[in-house]
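Structure first, commentary second.
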Amino acid sequence: VLQELHKKLADSQGRKKLIEAALRGLCNTDNFVIYRHSPPKMMKACSFILDNYRDELTSSLQSFYKKYKVKDNLKLQKEFCDSTVKLCLPGQRDADIRMAPEGMTVDEANQKLAEDMGTMQSQQQTDIPPKAQTDRDEL
C-alpha cells in the first residue's frame, strides 16, 4: 500500500490535496498486480488499512513527505507498520524483504553474519605469530 502511495506522492511535499487524491484511487486492482500477494488479497488489505487507519495514514504521509525527498519510503513503511498499525509481522514488511538475503530470514542472516564475524576474529588471533618467533625468522 505504501509503495503504491510513494509512486504518487514522492514529489508531493506533503500537500494534503495530493495525499487525499492518492488515497481515493489507491484500492484499485490495477495498482496491485506486481506484488507477491494476489491483487484481491492486496485490495482487501488496502481497504482494511483505509477503513481503520485512514487518519493515521494521512498524517504519517503528510509528515513524511514534508520532511523527506527520497527514492523510496522504507522508513515510512517501517514506522507505519511498527508504530501505527502494529499489524506487520517481522519478515513480511517490504523493508525486511528487501534487506534479507534470498533463502534466509532476517534473523537467520543476522545470526550467520555474527557467526562469520566470530570465526574471522578467532582465525586472526590464531594466525598471528608470536613476537619472539617473528624476530628469530628475520635474523
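Numbering (the UniProt record's numbering), first residue to last: 1 to 139. We put the beta carbon where it would ideally sit given N, CA and C, even for glycine. Note that this is a predicted model, so its numbers are computed, not measured.
Relative to the C-alpha of residue i, which candidate in the options has its C-alpha closest?
i, options, result
"S63", "A22, M42, T29 and K16", "K16"
"T29", "P40, A114, A21 and E20", "P40"
"K66", "I19, G118 and A114", "I19"
Can you name the start and end residues of the alpha helix (DSSP H) that residue i belongs to?
i, result
"K78", "L74 to E79"
"K86", "No alpha helix (DSSP H) contains K86, which DSSP labels as neither H nor E."
"N52", "P39 to K67"
"L23", "K16 to R24"
Looking only at its own chain, which residues have a Cβ that is under 8 Å from the Cβ of residue i, when we skip the five neighbours before and after it?
i, result
"T84", "Y53, E56, L57 and S60"
"L50", "L23, L26, C27 and L57"
"E102", "Note that E102 scores 45 on pLDDT, short of 50, meaning its location in the model is unreliable; the coordinates nonetheless yield the value given after this. No residues qualify anywhere along the chain."
Among residues of its own chain, excluding the 5 on either side of residue i, which ones have a beta-carbon nearer than 7 Å to its beta-carbon?
i, result
"K5", "Sequence inspection shows Leu at residue 5; the Lys mentioned does not correspond to that position. Taken in chain order, the residues that qualify are A22, L26 and L61."
Using a Cβ-Cβ distance cut-off of 9 Å, determine whether residue i contacts chain B.
i, result
"S83", "The structure shown contains no chain B; it holds only a single protein chain."
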